[in-house]
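Participant: Line by line, the protein sequences give chains B and X. Just so we're aligned: the first sequence equals residues 928 to 1069 in our numbering. Just so we're aligned: the second sequence equals residues 84 to 439 in our numbering. Using N, Cα and C, we set each Cβ at its ideal position, and we do this for glycine too. Sharing a structure, written as C-alpha cells. Questions coming.
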Amino acid sequence: MQKKPDRRTVLNRILYLWAAVTSVPIISSIIRFIFPPARAFVGSKVIGTVDEMQPNTGKVVQLGERPVIVITTKDGEPIAYGANCTHLGCVVRYREERGDIYCACHGSVFNIEGQPVSGPASRPLEEIPIKIENDQVSITTA
Amino acid sequence: MFYINRATVVEWFRNRLPVDTLMEHLTSKQVPRHRHSIWYYFGGLTLFFFIVQVITGILLMFYYRPTPDHAYESILFIMNEVRYGWLIRSTHSWAANLMIGTLFIHLISVFFMQAYRPPREMMWISGVVLLGLVLGFGFTGYLLPWDEMAFYATQIGTEIPKSIPIVGESIMVLLRGGQEIGSATLTRMYSLHVVVLPLATLLIVGLHLFLNQYYGVSTPVKTTKRKNSIQFFPNYMLRDLRVWLIAFLALLSVAMIYPWGLGEEADILKPAPEGIKPEWYFLPLYQTLKIVPPRIWYFDGEALVNIVFLFGGILLIVLPFIDRRSRNKERNIFIKVVGLIILIYLIGMTIFAYMD
C-alpha cells in the first residue's frame, strides 16, 4: 500500500504548484511587455505640387515612420512605393539613366511597376496610393 | 599608538577566505605540453579582450547618449573633444574585432582537437553560447554610433529573421522595437549591449572558467604528451600574462596607427550607399544571401539560407553528442573533413564578399 504523504510534503507540493501557476502570468507579462504595441500610421502627406514633379526623377520621403519613394515617370506620371527593398529592407533609389529602381545592398533591381527583375528580391515593392487634388500631390497609407 | 601587524592582517584574511584551498588547487593543476599547445593561448586571449571591452565600454558610457538625435553627436564629441576619447573608442572597436577573431580561433582549435569529448561537453556548449553572445555584442554595438554603415547593417540584420516562417516578423519587431529602425531600436540595442549581454556573458564565462579549472586542459586524441607538463600556477599563468602583454601592445598599436573611423550620420531617407557591407564576421551570411536565387525549388531562397545557418548553429551546440567516436577517444576524420569544408566555405565567402 502506498504511503500517505505527510503534511510537510503536501505543503511543499502546494507551494511548488502555486509558484508554477504564478510564474506563468509573470513570464507572459514580461514577454508581452518587450513586444512594442503596434502603432500603425494612418494618414496622408503632401509631397509637392504637380509643377515640382520633374519627369524622370525620384525622391524618398517619410510617411509616418516609413520611407516612401516617389517617382515621376518619363511621361510625368507620379507613382509611389514603399522604399524598403523587399529582400532585406534597405532603402532603394531611382536610377534616372536606366529608369529602374535599385537597391545597393544586394543589387536587387525593380522595374517602374515595382516588380523585381533581377537580384535576390522576389516580391514586388509595396504600392503606395498617390492622389492629385488642387494641384497638390499627396501620398496616403494603403 | 594604534599599530597593525602585517602578519595579523594576512592571517585574518587567510582565516576568512579560502586562499589556501585555492592555491593548493592552482599549484597542483598541470597544463599538458605537446605540439598543439600553442592553441591553448587563444581562450585566454579572448578573455583578455573581453576585459578590455568591459573597461573601455564603461568609459565610453560616461559620454555616449543613446538617442538618434544625440548618438552620432556624442561619438563625435568623444572622438574630437574628450581627452584620449579617440583612443578609448578605437581600442574598444579594435578589441571587439580581435575578441571575435580569437574566439573563432579558439573554437576552431577546440573543434579540431576534439576537446569537446566527455567530460567536457558543457565546456563546449558554454563556449558556443559565448560565441553567440559575442556576436550579439558585435551586432548590438554596431548600431550605437548611428552612422550610415551602422544603420544599414542593423536594417539588414534585423530584417534577416523576417523570412523565418511564423515567428520571423515577431523577432524583427522585437529587435527593432517597432516596424522601422528608430529611437526604440537604438535604446533596445544599447540596453542589450550594456546590460543584458554583459550579465549573460559574465555568467557563462564564469561557468566556462570554472569547468576549465575543474576538468583541466584537454589533450588532443592520440597526441603524445611531452613528459614535462607545466604547473598552472605560477608558470602557465605567467606565460599567459606574457601573451596578454603582447596582445595589449599590439592592440594599442593598431588602435593608434589605424584609429577607428566614423561614417556619415544615419539618415533614414537616404538610399543605401554603394558597397555597403556588414562587419567581417557576418560576411559569409551576407554573401550567401546575396548570391542565393529568390526561389530554390518551392522554397523562398532567403528563408532557406536562414534555416540552414540556424541549423548549423544547432549542430555546433550538439556536436559532442553527434561525435560518437570522440567518446571512445578515437579520431573522427569524417567530422573533421565536414568541419574543414564548412570552414573553407566561410573563409571563401568572406573573401568573395570583400572582392565583390
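With DSSP as the reference, label ALA965 (chain B) as helix, strand or coil.
Facilitator: As a first step, residue 965 (chain B) must be located in the first sequence, where it is residue number 38. Three-state DSSP puts ALA965 (chain B) in coil, outside helix and strand.
Participant: On the criterion of 16 or more Cβ atoms from any shown chain inside 10 Å, does TRP945 (chain B) qualify as buried, or is it exposed?
Facilitator: Translated into the one-based positions of the first sequence, residue 945 (chain B) becomes position 18. TRP945 (chain B) is exposed by the Cβ-count criterion.
Participant: Can you pull the chain X residues whose beta carbon is under 8 Å from the beta carbon of ARG993 (chain B), in chain order?
Facilitator: Within the first sequence, the letter at position 66 stands for residue 993 (chain B). Going along chain X in sequence order, the residues near ARG993 (chain B) (Cβ under 8 Å) are GLN262, GLU263.
Participant: Beta carbon of GLU231 (chain X), beta carbon of GLU347 (chain X): below 9 Å?
Facilitator: Looking up residue 231 (chain X) in the second sequence gives position 148. Looking up residue 347 (chain X) in the second sequence gives position 264. Taking 9 Å as the Cβ cut-off, GLU231 (chain X) and GLU347 (chain X) qualify as a contacting pair.
Participant: Report yes or no: is there a C-beta of chain B within less than 9 Å of the C-beta of PRO377 (chain X)?
Facilitator: One-based indexing of the second sequence puts residue 377 (chain X) at position 294. PRO377 (chain X) counts as touching chain B.
Participant: Specify, as a first and last residue, the run of the beta strand (DSSP E) that VAL973 (chain B) falls within.
Facilitator: To locate residue 973 (chain B), count along the first sequence from 1; it is residue 46. First-last of the beta strand (DSSP E) with VAL973 (chain B): 971-976.
Participant: Using a beta-carbon distance cut-off of less than 8 Å, what residues from the stretch 978-989 of chain B approach chain X?
Facilitator: VAL987, VAL988, GLN989
Participant: Using the Cα positions of CYS961 (chain B) and THR270 (chain X), report the straight-line distance between them to the nearest angstrom.
Facilitator: On the first sequence, residue 961 (chain B) is found 34 positions in, with the first residue counted as 1. On the second sequence, residue 270 (chain X) is found 187 positions in, with the first residue counted as 1. Looking at the sequence shown, residue 961 (chain B) is not Cys but Ile. Distance between the alpha carbons of ILE961 (chain B) and THR270 (chain X) is about 12 Å.
Participant: Return the residue from the list X:PRO115, X:PRO101, X:PHE96 that minimises the CA-CA distance to THR70 (chain X).
Facilitator: Since the first and last residues shown for chain X are 84 and 439, residue 70 (chain X) lies out of range.
Participant: Is the CB-CB distance between HIS189 (chain X) and THR129 (chain X) below 9 Å?
Facilitator: Within the second sequence, residue 189 (chain X) is the residue found at index 106, counting from 1. Within the second sequence, residue 129 (chain X) is the residue found at index 46, counting from 1. Yes. Within cutoff.
Participant: Checking the sheet assignment: what are the DSSP bridge partners for ASN1011 (chain B)?
Facilitator: Mapped onto the first sequence, residue 1011 (chain B) falls at position 84. DSSP lists B:VAL1018 as partners of ASN1011 (chain B).
Participant: Just the chain X side, please: which residues come within less than 9 Å of LEU1052 (chain B) by C-beta, in chain order?
Facilitator: As a first step, residue 1052 (chain B) is located in the first sequence; it is residue number 125 there, counting from the start. Those do not exist, as LEU1052 (chain B) stays about 13 Å from chain X at its closest Cβ, beyond 9 Å.
Participant: What is the C-beta distance between LEU170 (chain X) and MET339 (chain X), in whole angstroms, given that I count them as a contact (C-beta under 8 Å)?
Facilitator: Stepping through the second sequence from its first residue, residue 170 (chain X) is reached at position 87. Stepping through the second sequence from its first residue, residue 339 (chain X) is reached at position 256. Contact holds; Cβ gap of about 7 Å.
Participant: Using a Cβ cut-off of 9 Å, pull out every chain B residue sitting near VAL256 (chain X), in sequence order please.
Facilitator: Locating residue 256 (chain X) in the second sequence gives position 173, where the first residue counts as 1. Within 9 Å Cβ-Cβ: PHE962, PRO963, ALA965.
Participant: So the alpha helix (DSSP H) THR223 (chain X) belongs to, where does it begin and stop?
Facilitator: In the second sequence, residue 223 (chain X) corresponds to position 140, counting from 1. For THR223 (chain X), the enclosing alpha helix (DSSP H) stretches over residues 204-226.
Participant: Within 8 Å, do at least three Cβ pairs link the stretch 197-207 of chain X to the stretch 363-376 of chain X?
Facilitator: No contact exists between the stretch 363-376 of chain X and the stretch 197-207 of chain X.
Participant: State yes or no: is the C-beta of LYS373 (chain X) within less than 9 Å of the C-beta of HIS1033 (chain B)?
Facilitator: Position 290 of the second sequence, counted from the start, is the residue given in the question as residue 373 (chain X). Position 106 of the first sequence, counted from the start, is the residue given in the question as residue 1033 (chain B). Going by C-beta atoms, LYS373 (chain X) is nearer than 9 Å to HIS1033 (chain B).
Participant: With 9 Å set as the bound, which would you pick, yes or no: does the beta-carbon of GLY384 (chain X) sit closer than that to a beta-carbon of chain B?
Facilitator: Walking along the second sequence from the start, residue 384 (chain X) turns up at place 301. Yes, GLY384 (chain X) lies at the interface with chain B (some Cβ there is under 9 Å from its Cβ).
Participant: With distances taken between CB atoms, is the gap from GLN296 (chain X) to LYS412 (chain X) smaller than 9 Å?
Facilitator: Residue mapping note: residue 296 (chain X) aligns to position 213 of the second sequence, counting from 1. Residue mapping note: residue 412 (chain X) aligns to position 329 of the second sequence, counting from 1. Taking 9 Å as the Cβ cut-off, GLN296 (chain X) and LYS412 (chain X) do not qualify as a contacting pair.
Participant: Taking just the CA atoms, how far does THR976 (chain B) sit from ILE427 (chain X)?
Facilitator: In the second sequence, residue 427 (chain X) corresponds to position 344, counting from 1. In the first sequence, residue 976 (chain B) corresponds to position 49, counting from 1. Answer to the nearest angstrom: the Cα atoms are 56 Å apart.
Participant: Put GLY985 (chain B) into one of helix, strand or coil per three-state DSSP.
Facilitator: Sequence index remark: in the first sequence, residue 985 (chain B) carries index 58 (1-based). Note: GLY985 (chain B) maps to strand in three-state DSSP.
Participant: Measure how close the beta-carbons of ILE158 (chain X) and PRO202 (chain X) come, nearest whole angstrom, since I'm counting them as under 8 Å.
Facilitator: Within the second sequence, the letter at position 75 stands for residue 158 (chain X). Within the second sequence, the letter at position 119 stands for residue 202 (chain X). Actually they do not touch by this definition, with Cβ atoms about 46 Å apart.
Participant: Please look up how many angstroms separate the CB atoms of VAL999 (chain B) and THR984 (chain B), rounded, as I've assumed it's under 8 Å.
Facilitator: The sequence position of residue 999 (chain B) within the first sequence is 72, counting from 1. The sequence position of residue 984 (chain B) within the first sequence is 57, counting from 1. According to the sequence shown, residue 999 (chain B) is Thr rather than Val. Right, their Cβ atoms sit about 5 Å apart.
Participant: Does the stretch 1026-1044 of chain B touch the stretch 92-102 of chain X, meaning 3 or more C-beta pairs lie closer than 8 Å?
Facilitator: no
Participant: Quick check on this structure: which residue in X:ILE134, X:PHE131, X:ASN163 has the alpha carbon closest to the alpha carbon of TYR146 (chain X)?
Facilitator: Here residue 146 (chain X) corresponds to residue number 63 of the second sequence, with the count starting at 1. The option with the nearest alpha carbon to TYR146 (chain X) is X:ASN163.
Participant: How many Å lie between GLU1040 (chain B) and MET438 (chain X) at the Cα?
Facilitator: By 1-based counting over the first sequence, the position of residue 1040 (chain B) is 113. By 1-based counting over the second sequence, the position of residue 438 (chain X) is 355. One C-alpha to the other measures close to 32 Å.
Participant: On the three-state DSSP scale, how would you describe ASP1002 (chain B)?
Facilitator: Stepping through the first sequence from its first residue, residue 1002 (chain B) is reached at position 75. Here ASP1002 (chain B) sits in coil by DSSP.
Participant: At the level of alpha carbons, what is the spacing between LYS972 (chain B) and LYS353 (chain X)?
Facilitator: Taking the first residue of the first sequence as 1, we reach residue 972 (chain B) at position 45. Taking the first residue of the second sequence as 1, we reach residue 353 (chain X) at position 270. Whole-angstrom Cα-Cα distance: 18 Å.
Participant: With DSSP collapsed to three states, give me the class of THR1067 (chain B).
Facilitator: Position 140 of the first sequence, counted from the first residue, corresponds to residue 1067 (chain B). Strand at THR1067 (chain B).
Participant: Taking C-alpha atoms, which residue in X:GLY384, X:GLU204, X:TYR298 lies nearest to LEU109 (chain X)?
Facilitator: Position 26 of the second sequence, counted from the first residue, corresponds to residue 109 (chain X). Closest option to LEU109 (chain X), Cα to Cα, is X:TYR298.
Participant: Checking contacts by CB at 9 Å: is GLY975 (chain B) closer than that to chain X?
Facilitator: Within the first sequence, numbered from 1, the residue matching residue 975 (chain B) stands at position 48. So no, GLY975 (chain B) is outside the interface.
Participant: Quick one: grab the DSSP three-state call for SER1045 (chain B).
Facilitator: Here residue 1045 (chain B) corresponds to residue number 118 of the first sequence, with the count starting at 1. Of the three classes helix, strand and coil, the one that applies to SER1045 (chain B) here is strand, per DSSP.
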